[in-house]
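First residue of the sequence shown? That's 1 in this note's numbering, and the numbers climb one at a time after it. For every residue, glycine included, the Cβ atom is placed at its ideal position computed from N, Cα and C. Report on the structure given below.
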Amino acid sequence: MATVEMQGSSFNETIEGNDLVIIDFWAEWCGPCRAYGPVFERVSEEFPDVVFAKVDTEVEQALAGSFGIRSIPTTIAFKQGVGVFMQPGALPEDALRDLIAKLQQLDMNEVQAELEARESDELA
Numbered sequence: 001m002a003t004v005e006m007q008g009s010s011f012n013e014t015i016e017g018n019d020l021v022i023i024d025f026w027a028e029w030c031g032p033c034r035a036y037g038p039v040f041e042r043v044s045e046e047f048p049d050v051v052f053a054k055v056d057t058e059v060e061q062a063l064a065g066s067f068g069i070r071s072i073p074t075t076i077a078f079k080q081g082v083g084v085f086m087q088p089g090a091l092p093e094d095a096l097r098d099l100i101a102k103l104q105q106l107d108m109n110e111v112q113a114e115l116e117a118r119e120s121d122e123l124a
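See below:
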C-alpha cells in the first residue's frame with residue numbers, strides 16, 4: 001500500500017478504522033526525513049494490509065505537539081487504536097520490516113490487560 005498523507009482532521013478516523021497504522025512524522029527541510037521517506041514507501045508496498053501514513057510536522061504542528069514530537073523523523077504505530085510503538089530517528093529498512101511483523105503478531109488482549117492493570121494500580 002502506498003503511503004497516505006495524514007491530517008489532524010482524519011487522524012482519529014484512520015487510527016480507529018484500521019487494524020495497524022504506522023505513522024512517519026517528518027518535515028520537508030529535514031535531511032534524515034528525506035532519506036527515510038523512500039524506505040518508508042518501499043516497506044509500505046510489502047504490507048498491503050497495513051496503513052502507512054505521513055504527518056508533515058510543519059503543517060500539523062498541533063498533532064505533532066500532542067505526541068510530544070521533538071525529533072524527526074519519528075515513527076509511531078497504533079494497533080487496534082492503541083499506541084504500541086514510538087521511536088525518534090530513521091529506522092533501517094530491515095528494522096522497520098521486523099517491527100511491522102512483530103506488531104502484526106502482537107496479542108492485543110495481553111496489551112489491553114496490561115493497560116487495565118496499570119490503570120487500576122494508578123487509581124489505588
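Taking a 10 Å sphere around the C-beta of Lys102, we find fewer than 16 other C-beta atoms and assign the residue as exposed.
Two segments are said to touch when three or more pairs of C-beta atoms, one from each, lie closer than 8 Å; by this definition the region 84-96 does not touch the region 45-52. Contact between the region 16-27 and the region 69-81 is present: three or more C-beta pairs spanning the two stretches fall below 8 Å. Here Ser44 is buried, its C-beta having at least 16 other C-beta atoms within 10 Å.
Counting along the chain, the unbroken beta strand (DSSP E) around Asp24 starts and ends at Leu20 to Trp26. Contact check for Ala35 against Ala95 fails: the beta carbons are separated by 9 Å or more.
The DSSP assignment places complete beta strand (DSSP E) segments of no fewer than 3 residues inside the region 59-116 at 74-79 and 82-88, in order along the chain. Distances from the alpha-carbon of Asn18 to those of Lys79, Glu110 and Glu5 put Lys79 closest. Going by beta carbons, Asp56 and Glu5 fall inside the 9 Å limit. Annotation for Thr14: Met6, Val21, Val51 and Ala53 place their beta carbon closer than 7 Å to its own, counting only its chain and skipping 5 residues before and after.
Closest by C-alpha distance to Ala62, out of Gly8, Pro32 and Leu99, is Gly8. For the set Glu41, Glu122, Phe11 and Gly81, the Cα lying nearest the Cα of Gln112 is the one of Gly81.
Contact check for Thr3 against Glu41 passes: the beta carbons are separated by less than 9 Å.
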